[in-house]
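The C-terminal residue of the sequence shown carries number 1343 in this note's numbering, and the numbering is unbroken. All residues carry an ideal CB built from backbone N, CA and C; glycine is no exception. All figures in this text were calculated on a predicted structure; none of them were measured in a lab. Okay, structure first, notes after.
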Amino acid sequence: MAVLSRECHGRDWRGCRVLLEIAKSVTLDQPTDTVWEIVRVPETVAACLPNIREFERQGEGATYAATIEDKLGPFKVEVPVTIEVGEDTQDRRMTANVAGNDKRGQARVRGEVAASVVATDGGSVLELTSRIEVLGRLATLGAVPMRRRADQIFDVFVRNLSARLSAPTSGPDH
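If you want it as structure tokens, here you go:
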């Protein structure tokens, strides 16, 4: 599911805004606890995303800094972001509030991404939702190419996550 909204006023790209709301899910053949133990670690999730660079914890709390690098249409964006992570262990749900500005003034992003793990017969479902607002020159592309790129990123994320889930665990007995 994707809800798309675009606002641009005249030829001035500074007034452009795209609101992207996306909900995705994937069924995994791993137990809920196994999936949750990976999804609840922000560094592991970031490592599964193809366009996240320099992901680092800031201080002792749940704040992280990262750079989102991507190419979308004619734009190569490099957006330093701050990410505030929240966790609800009882409901197996993670949230991340994201905000950042491209240094070249092409894009500003802000919004929330959430992930939850739900038990199913013989496995689990990972549900991801995002509500991201993109402002600036990048927003002139509109929501359709952004949604297409989000779908591609989701597919890579699922492949990388599945590889981590199927990797043998290391320990003294292995």
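Inter-residue spacing [alpha-carbon to alpha-carbon] between residue i and residue j
| i | j | result |
| --- | --- | --- |
| Arg1186 | Gly1291 | 42 angstroms |
| Thr1242 | Arg1317 | What sits at residue 1242 in the sequence shown is Gly, not Thr. Roughly 11 angstroms separates the two Cα atoms. |
| Pro1249 | Thr1203 | 31 angstroms |
| Thr1236 | Ala1308 | 19 angstroms |
| Glu1256 | Leu1295 | 15 angstroms |
| Leu1304 | Val1267 | 14 angstroms |
| Glu1229 | Glu1253 | 12 angstroms |
| Ala1171 | Ala1336 | For Ala1171, the pLDDT reaches just 47, beneath the cut-off of 50, and the residue's location in the model is therefore unreliable, although a value from the coordinates is still provided. Rounded to whole angstroms, Ala1171 to Ala1336 spans 32 angstroms at the Cα level. |
| Ala1332 | Leu1297 | 18 angstroms |
| Ala1276 | Asp1320 | 20 angstroms |
| Leu1334 | Gln1199 | 7 angstroms |
| Val1278 | Thr1213 | 22 angstroms |
| Glu1258 | Thr1289 | Sequence inspection shows Thr at residue 1258; the Glu mentioned does not correspond to that position. The alpha-carbon atoms of Thr1258 and Thr1289 are separated by roughly 18 angstroms. |
Contact check, residue i vs residue j, beta carbons under 8 angstroms
| i | j | result |
| --- | --- | --- |
| Leu1168 | Ser1299 | No statement about residue 1168 is possible, as the shown extent of the chain runs from 1170 to 1343 and does not include it. |
| Val1325 | Pro1211 | no |
| Gly1166 | Thr1251 | The first residue shown for the chain is 1170 and the last is 1343, placing residue 1166 beyond what the model contains. |
| Ala1283 | Met1315 | no |
| Glu1247 | Asp1271 | yes |
Cβ shell of residue i (< 7 angstroms), same chain only, five flanking positions each side left out
| i | result |
| --- | --- |
| Val1327 | Val1195 |
| Ile1221 | Ala1215, Ala1235 and Ile1237 |
| Trp1205 | Arg1261 and Val1286 |
Buried versus exposed, by CB contacts within 10 Å (16 or more), residue i
| i | result |
| --- | --- |
| Gln1227 | exposed |
| Arg1306 | buried |
| Ala1265 | buried |
| Arg1273 | exposed |
| Val1208 | buried |
| Val1313 | exposed |
Contacts around residue i, its chain only, beta-carbon distance under 6 angstroms, and the 5 residues preceding and following it disregarded
| i | result |
| --- | --- |
| Asn1329 | Cys1217 |
| Phe1323 | Lys1193 |
| Glu1225 | Ala1234 |
8 angstroms CB neighbourhood of residue i in its chain, flanking five on each side removed
| i | result |
| --- | --- |
| Phe1244 | Gln1275, Ala1276, Arg1306, Leu1307 and Leu1310 |
| Glu1223 | Ala1234, Ala1235 and Thr1236 |
Please list the segments of the beta strand (DSSP E) lying wholly inside the region 1179–1247, counting only runs of 3 or more residues, in order along the chain. 1181–1197, 1221–1226 and 1232–1241
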